[in-house]
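Report on the following structure.
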Amino acid sequence: MPRAMTDACIRVIQLLVLLGVLFLAGCTPKPPSKLGAPIEGRNHTGAAINWFMVNRNGGPNVGPYGGGGKQNCCVLLPVKWH
9 MPRAMTDACI RVIQLLVLLG VLFLAGCTPK PPSKLGAPIE GRNHTGAAIN WFMVNRNGGP
69 NVGPYGGGGK QNCCVLLPVK WH
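Okay, so the sequence shown: first residue is 9 according to this note's numbering, each after it adds one.
Right under this line is the structure:
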(Lines of atoms letter the chains of each structure in order from A and count residues from 1; the text may use other names and numbers.)
(Lines give C-alpha, C1' and ligand atoms only; values in the text may rest on other atoms or scores of the structure.)
Protein backbone atom coordinates (compact mmCIF):
# COMPACT_ATOMS: atom_id res chain seq x y z
CA MET A 1 0.00 0.00 0.00
CA PRO A 2 1.27 3.49 -0.75
CA ARG A 3 2.23 5.61 2.26
CA ALA A 4 -0.49 8.21 1.57
CA MET A 5 -3.16 5.49 1.68
CA THR A 6 -1.76 4.09 4.94
CA ASP A 7 -1.76 7.57 6.52
CA ALA A 8 -5.35 8.10 5.37
CA CYS A 9 -6.42 4.76 6.89
CA ILE A 10 -4.76 5.67 10.19
CA ARG A 11 -6.56 9.06 10.22
CA VAL A 12 -9.92 7.39 9.56
CA ILE A 13 -9.31 4.87 12.36
CA GLN A 14 -8.28 7.67 14.75
CA LEU A 15 -11.42 9.63 13.87
CA LEU A 16 -13.64 6.57 14.41
CA VAL A 17 -12.02 5.87 17.79
CA LEU A 18 -12.49 9.51 18.84
CA LEU A 19 -16.15 9.46 17.77
CA GLY A 20 -16.67 6.17 19.62
CA VAL A 21 -15.19 7.57 22.84
CA LEU A 22 -17.33 10.70 22.59
CA PHE A 23 -20.42 8.59 21.92
CA LEU A 24 -19.76 6.36 24.93
CA ALA A 25 -19.07 9.37 27.17
CA GLY A 26 -22.64 10.49 26.50
CA CYS A 27 -23.94 7.20 27.90
CA THR A 28 -23.08 7.91 31.54
CA PRO A 29 -26.05 7.24 33.83
CA LYS A 30 -28.07 10.10 35.26
CA PRO A 31 -27.13 10.76 38.89
CA PRO A 32 -29.84 9.76 41.39
CA SER A 33 -32.27 12.46 42.52
CA LYS A 34 -32.97 10.74 45.85
CA LEU A 35 -30.88 8.77 48.34
CA GLY A 36 -32.02 6.16 50.83
CA ALA A 37 -31.30 6.73 54.51
CA PRO A 38 -32.15 4.48 57.49
CA ILE A 39 -34.63 5.67 60.10
CA GLU A 40 -34.21 5.07 63.81
CA GLY A 41 -36.73 5.65 66.59
CA ARG A 42 -35.95 7.50 69.84
CA ASN A 43 -38.41 7.79 72.70
CA HIS A 44 -38.02 10.55 75.28
CA THR A 45 -41.28 9.76 77.10
CA GLY A 46 -42.37 7.25 79.73
CA ALA A 47 -44.84 5.57 77.33
CA ALA A 48 -43.97 2.96 74.74
CA ILE A 49 -44.21 3.77 71.04
CA ASN A 50 -45.77 0.76 69.36
CA TRP A 51 -44.96 1.90 65.84
CA PHE A 52 -44.08 5.03 63.91
CA MET A 53 -43.95 6.06 60.28
CA VAL A 54 -41.81 8.45 58.25
CA ASN A 55 -42.87 9.02 54.64
CA ARG A 56 -45.01 5.84 54.66
CA ASN A 57 -42.10 3.72 55.97
CA GLY A 58 -42.66 2.13 59.36
CA GLY A 59 -40.27 1.79 62.23
CA PRO A 60 -39.92 -0.79 65.02
CA ASN A 61 -41.37 -0.64 68.54
CA VAL A 62 -39.57 1.73 70.88
CA GLY A 63 -39.78 1.23 74.64
CA PRO A 64 -40.07 4.02 77.23
CA TYR A 65 -36.98 6.24 77.28
CA GLY A 66 -35.41 3.91 74.74
CA GLY A 67 -34.53 3.70 71.14
CA GLY A 68 -31.56 3.59 68.96
CA GLY A 69 -29.76 0.57 67.68
CA LYS A 70 -32.69 -0.61 65.54
CA GLN A 71 -32.61 0.88 62.10
CA ASN A 72 -35.27 0.37 59.50
CA CYS A 73 -34.60 1.01 55.86
CA CYS A 74 -35.33 3.51 54.29
CA VAL A 75 -36.45 7.09 53.97
CA LEU A 76 -35.88 8.76 50.62
CA LEU A 77 -34.18 12.14 50.86
CA PRO A 78 -33.37 14.49 47.97
CA VAL A 79 -29.70 14.60 46.99
CA LYS A 80 -29.75 18.40 47.20
CA TRP A 81 -31.52 19.59 50.32
CA HIS A 82 -33.44 22.88 50.10
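Note that beta-carbon positions come from the ideal geometry of N, C-alpha and C, so glycine has one too.
Being a predicted model, the structure only gives us computed values, none of them experimental.
Anticipated Cβ contact below 8 Å, residue i with residue j, distance rounded
| i | j | result |
| --- | --- | --- |
| V70 | G49 | 4 Å |
| N51 | P72 | 6 Å |
Buried versus exposed call for residue i [16 or more other C-beta atoms within 10 Å across all chains shown]
| i | result |
| --- | --- |
| G67 | buried |
Sub-8 Å separation of residue i and residue j beta-carbons
| i | j | result |
| --- | --- | --- |
| C81 | G44 | yes |
| N65 | I47 | yes |
| S41 | P86 | yes |
Those residues which DSSP pairs with residue i across a bridge
| i | result |
| --- | --- |
| G75 | R50 |
| I57 | V70 |
| N63 | DSSP output for N63 lists no bridge partner at all. |
| V87 | In DSSP, V87 forms no bridge with anything. |
Runs of alpha helix (DSSP H) lying entirely within the region 14-50, each at least 4 residues, in chain order: With a minimum length of 4 residues, no continuous alpha helix (DSSP H) run stays inside the region 14-50.
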